[in-house]
Amino acid sequence: MISYCDKYVQIKLIQNSKILSKVIAYTDKHFSNNFKLSSSILILDDGKNAKKNYLINWCHHAINYSESMTAKEELEIALANSHLPIRIKMVKPTDLLEKINVRVQTLGASRIILTLSKRNRIAERYIKNTFGKNYIGISQNEIYLQFNDNIFWEQVLEFLGNKVIHNIALNFEYNDFNVDEFTFLTHEERNLRRCYAILDSQFGDEFEIVKRRYLKLAKEYHPDNFYNDENHDISYELVRFHEITDAYKKIKQLNKKIH
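Going by this note's numbering, the first residue of the sequence shown is number 179, and it counts up by one from there.
Here is the structure:
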């Protein structure tokens, strides 16, 4: 990360990294007026702008994983002020990470919205590649996922959990997946809530609303829609259709007991 203040141009490099060792060697060779401190190196040489520009450019391309306008602007500002001292600051790996919060929201049993705290191409490309055909698209900072195959929820569970991609740290917020919230429920009660989720519904929704959603989903996934298509494997639709039907039967039985 390269930044500029009134007194110097600062370059942050990770402690014990290969690029830091190369920068130290370059500094020792080309700048006589440099000072090594416990966590930084200060280059004071005046009149060596060309060598300073080379150092700044080299560091920029070595540590930048993004082609964002912000990164390019930072480079231009640093080069315009290379006549000032350069401070090489040595930091821990986590200090260079760009942190992005990802809020996970479920829409029934088949859809998920991932809301990023800010747009980032690396994070967006990683999510798109992870979910493949289950990735629908992105609108502003919201990424939409759709249950299109049997491994979708396996992908979701594997995806969740804080992780680092290049210099991006993804921090997940997923209240919908908070298991502790339902630890007081019996096994039967948890299964019933799962039935509502399969029908894109929330526990406690009116039965007529759940019924309409069931009819819509049953029509969408009925195997008869695909039997005439020789190129289509209907195994997924069969499993999904039976899952939808079983979930509706359980909710319907519950509704009869109540009424």
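Heads up, the beta-carbon is just placed ideally off N, CA and C, and yes, glycines get one too.
Buried versus exposed call for residue i [16 or more other C-beta atoms within 10 Å across all chains shown]
i, result
"Ala-203", "exposed"
"Cys-237", "buried"
"Ala-301", "buried"
"Ser-217", "exposed"
"Phe-330", "buried"
"Ala-240", "exposed"
"Glu-359", "Its pLDDT being 45, under 50, Glu-359 is placed unreliably in this model, and the value from its coordinates should be taken loosely. Result: exposed."
Beta strand (DSSP E) segment containing residue i, residue limits
i, result
"Glu-276", "276 to 285"
"Asn-349", "346 to 351"
"Lys-438", "The structure shown has nothing for residue 438, since the chain only spans 179 to 437."
Min CB distance residue i to chain B below 7 Å
i, result
"Phe-209", "Absence of chain B from the displayed structure is noted, only one protein chain being present."
Where the alpha helix (DSSP H) through residue i begins and ends
i, result
"Leu-335", "330 to 337"
"Thr-384", "One detail in the question is off: residue 384 reads as Glu in this sequence, not Thr. Element bounds for Glu-384: n/a, residue is neither H nor E."
"Asn-307", "299 to 309"
Closest by C-alpha distance to residue i, when choosing among the options
i, options, result
"Asn-443", "Val-388, Phe-419, Arg-390", "The question about residue 443 has no answer here: the residues shown for the chain are numbered 179 through 437."
"Gly-310", "Leu-294, Phe-337, Gln-318", "Phe-337"
"Lys-226", "Pro-263, Ile-197, Glu-254", "Pro-263"
"Gln-380", "Ala-425, Tyr-182, Asn-259", "Ala-425"
"Arg-299", "Ile-343, Ala-258, Ala-256, Phe-325", "Ile-343"
"Ile-314", "Glu-386, Ile-219, Cys-373, Ser-288", "Ser-288"
Residue i, DSSP secondary structure in three states
i, result
"Arg-418", "helix"
"Phe-292", "Here residue 292 is Leu; the residue named in the question, Phe, does not match the sequence. DSSP places Leu-292 in strand when its eight states are reduced to three."
"Lys-185", "coil"
"Gln-431", "helix"
"Leu-323", "strand"
Can you check the region 189 to 269 for any alpha helix (DSSP H) of at least 4 residues that lies completely inside it and give the ranges in chain order? 196 to 208, 227 to 241, 247 to 258
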